[in-house]
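J.: Just so it is clear: in the sequence shown, position 211 is 211 by full-length UniProt numbering, and no numbers are missing. Each residue gets a CB set at the ideal place from its N, CA and C atoms; glycine is no exception.
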Amino acid sequence: MDIKPETPWDGTPDVSARIITAISRIASVMRSGVWEFATSENLNPAQVDILQLLHARPKGVRLSWVAAQLSISAASASDSVASLVSKGLVRKARAEDDGRATALFLTAAGTAVAVRIGSAVSFADDAAAALPPALQVQMLTGLLKLIAELQTSERFPALRACPSCRHFEANKYPGAATPHHCALVNAPLPIAFIRIDCAEHEEADLATQQRNWAQFA
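(1) If I follow the unbroken beta strand (DSSP E) through R94, where does it start and stop?
(2) Among the candidates D205, N171 and L104, whose CA atom is the shortest distance from the CA of A77?
(3) Under the three-state reduction of DSSP, which class applies to E154: helix, strand or coil?
(4) A120: which of S40, D10 and H201 sits nearest, CA to CA?
(5) Among T208, L150 and P179, which has the Cα closest to the Cα of I20?
(6) When DSSP builds the beta bridges, which residues end up paired with residue 218?
(7) Counting along the chain, where does the alpha helix (DSSP H) carrying T39 start and finish?
(8) According to DSSP, simplified to helix, strand and coil, what is E202?
(9) When the distance is taken between beta carbons, is Q69 closer than 8 Å to P157?
(10) For E175, report the span of its alpha helix (DSSP H) as first-last.
Set out below in structure tokens:
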């Protein structure tokens, strides 16, 4: 049997595998920056993540939600929160939407630390900002599509992203340079303005979310 000679590219992994490898390497570098920051603040990375989550949600969140967002057990989340409370960075109080439930909020000191977290990974933001604007939009679109695929596996936590919001109208203007629409501001929504974590987000029903993600481009 004839054996075809190897080429230098025969062992090249699939493009999909290389995409995930690239994302993993970037995540590792960013995680290193977070570790350095956490160490300087006498925190661990999970506690830093919790401070970031609470900073973006001033109305408070449940402990169970924190655990789901970080893909950790409720017990691990509880331990991290307890440490943050003891450090005076997080406080527990009645949830604004349910007086019988307890929610987590940042203290003034916690807010100050959360603001400083951005500096730990600013180098990554600077690198992304240095890319041509058109390429930034292409990358954002691709990453959002990847997130949409990951969500079908139920391994990706819920996001306050535009396609999962009831105000988002996917492809309202088919073929247009700005195909999507935001009903909240009643204006076309350019891809460059699509948000991954929007404070004004209002969750759409599951069918609408699935339709939006499928039509998003």
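T.: In brief:
(1) By one-based count along the sequence shown, residue 94 stands at place 94. Residues V90 to A95.
(2) Here the question's residue 77 lines up with position 77 in the sequence shown. The candidate whose alpha carbon is nearest that of A77 is L104.
(3) Counting from 1 along the sequence shown, the entry for residue 154 is found at position 154. Three-state result, E154: coil.
(4) Counting from one through the sequence shown, the residue named residue 120 turns up at place 120. Per the Cα distances, S40.
(5) To locate residue 20, count along the sequence shown from 1; it is residue 20. Of the listed residues, the one whose Cα sits closest to I20 is L150.
(6) Beyond the ends of the chain as shown, which are 1 and 217, falls residue 218; an answer cannot be given.
(7) Taking the first residue of the sequence shown as position 1, residue 39 is located at position 39. For T39, the uninterrupted alpha helix (DSSP H) segment begins and ends at V15 to S40.
(8) The residue given as residue 202 occupies position 202 in the sequence shown. Correct three-state label for E202: coil.
(9) The residue labelled residue 157 in the question sits at position 157 within the sequence shown. The residue labelled residue 69 in the question sits at position 69 within the sequence shown. For P157 and Q69, yes; Cβs fall inside 8 Å.
(10) As a working note, residue 175 is residue 175 in the sequence shown. The sequence given here has Gly at residue 175, not Glu. That residue, G175, is in no alpha helix (DSSP H); it is neither H nor E in DSSP.
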